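Comments concern the structure below.
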Amino acid sequence: MRSAAPGAGAGWLGQRERGSALLLRLVVWLARRLGRPATLPLLRLISLYFWLTAPAARRASRDFLGRALGRRATAREVRRHVHAFALTIHDRVYLLSGGHAGFGVAVDDPDGLGERLAGGQGCILVGAHLGSFEVLRTLAVGENAFRLKVLMREGHNPMLTRLLARLNPAVAATVMTWRGPEDALRLKEHLDGGHMIGMLGDRLVEGERGVAVDFLGAPAPFPAGPVQLAAALKAPLYLFLGLCEGDRRYRARFELLAERVELPRAGREAALRGYVARYAERLGAHARAHPFEWFNFYPFWPP
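Here the sequence shown is numbered in our numbering, starting from 518 and rising by one per residue.
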């Protein structure tokens, strides 16, 4: 394992996965005007179009599926992968807009996060582009909602921010913009108030420190930020994934990664790599179990 160069793995920002923004807008428009039953058949045509016209995404899909499945992926499996992405975007509209009455979300909490939150203790949640992070947002609205703040970098993904505000202002209110260390006090107040602080931990942004650890058999860069934040705020660190189990059925999975993250001055780098490696190991296990829900359609492993 080794530290990644600053910005390593951040190419996804510059190349803007072809069609993902257009796909999001198109699926949202169709879902809101035609409804779910009428839109589902159209998704096959839409995903077929993007499969045909996005060779870079096809290559990234084939590379990932080959590692996750342990064999060369077929063209049909790559098509299935792209279609699963379209379906997840489609479900996202309903999960975010409050129209998820027909959706079932089961909760797996083997490490007692619910009891921790009920006792007024917060935590750091680190997710990934595996499944649907929006499942977490649905748990933060309603009568028995968890307290949640989703941390997003300032200026990152403004289209999603606007979409959230349009679909469901209550969900949009859970977003907290991260401008820098000056926001640490606000985060600490939320944690002390029993909030979950959620963020994604599988993509580097420009200029961010990365740590290269093993992921599905080869080194890949992951952000150091979630681990460093948990250490600075003395908060427990949990993995969160919202995995699809069939038509309108999701499972929210919470796993304790560290009760307390400690990065001592002596051996700091080794400790940091150890925590990131733990996250990558658990993420890899779930990615192997749910390979078609991996939605990073760019070269994830350095050449």
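A virtual CB, placed ideally from N, CA and C, is assigned to each residue, including glycine. Quantities reported herein were computed from a predicted structural model and do not represent experimental measurements.
- K751 sits exposed, since fewer than 16 C-beta atoms from the chains shown fall within 10 Å of its C-beta.
- For A601, the secondary structure class from DSSP, reduced to helix, strand or coil, is helix.
- For F581, same chain residues with a beta-carbon under 6 Å away, outside a window of 5 residues either side, are W811 in chain order.
- Shown here, G636 sits in coil according to DSSP, grouped into three states, outside any helix or strand.
- Listed in chain order, the alpha helix (DSSP H) runs fully inside the segment 695-739 are 701-709, counting runs of at least 4 residues.
- With 16 or more other Cβ atoms inside 10 Å of its own Cβ, D719 counts as buried.
- Following the DSSP letters along the chain, one finds G759 inside the beta strand (DSSP E) bounded by residues L754 to G763.
- For R785, the enclosing alpha helix (DSSP H) starts and ends at R785 to A806.
- Annotated three-state conformation of L586 is helix, per DSSP.
- When the Cα atoms are used, W568 and Y792 turn out to be separated by approximately 36 Å.
- DSSP places G629 in the coil class of the three-state scheme, outside both helix and strand.
- G742 carries a helical assignment under DSSP once its states are collapsed to helix, strand and coil.
- The beta carbon of L704 sits closer than 7 Å to those of I714 and L750, all from its chain and outside the five residues before and after it, given in chain order.
- By the beta-carbon neighbour count (other beta carbons within 10 angstroms, threshold 16), E772 is buried.
- Taken through DSSP and simplified to helix, strand or coil, Y767 comes out as strand.
- Approximately 7 Å separates the beta-carbon atoms of L630 and C640; this is inside 8 Å, confirming the contact.
- The beta carbon of F663 is closer than 7 Å to those of L634, L656, A657 and M713 in its chain, skipping five residues each way along the sequence.
- A distance below 8 Å separates the beta carbons of G801 and L733.
- Scanning V624, L774 and R596 for the CA closest to the CA of S578 turns up R596.
- Excluding residues up to 5 positions away in sequence, nothing lies with its Cβ nearer than 8 Å to the Cβ of A592 in the same chain.
- Per DSSP, the continuous beta strand (DSSP E) segment holding L668 begins and ends at L665 to R670.
- Excluding residues up to 5 positions away in sequence, I641, L754 and V778 lie with their Cβ nearer than 6 Å to the Cβ of A747 in the same chain.
- Relative to the Cα of M693, the nearest Cα in the group K666, L708 and E699 belongs to K666.
- If you compare the alpha carbons of S614, A603 and M669 with that of A687, the shortest gap goes to S614.
- Collapsing the DSSP output to three states places A775 in a strand.
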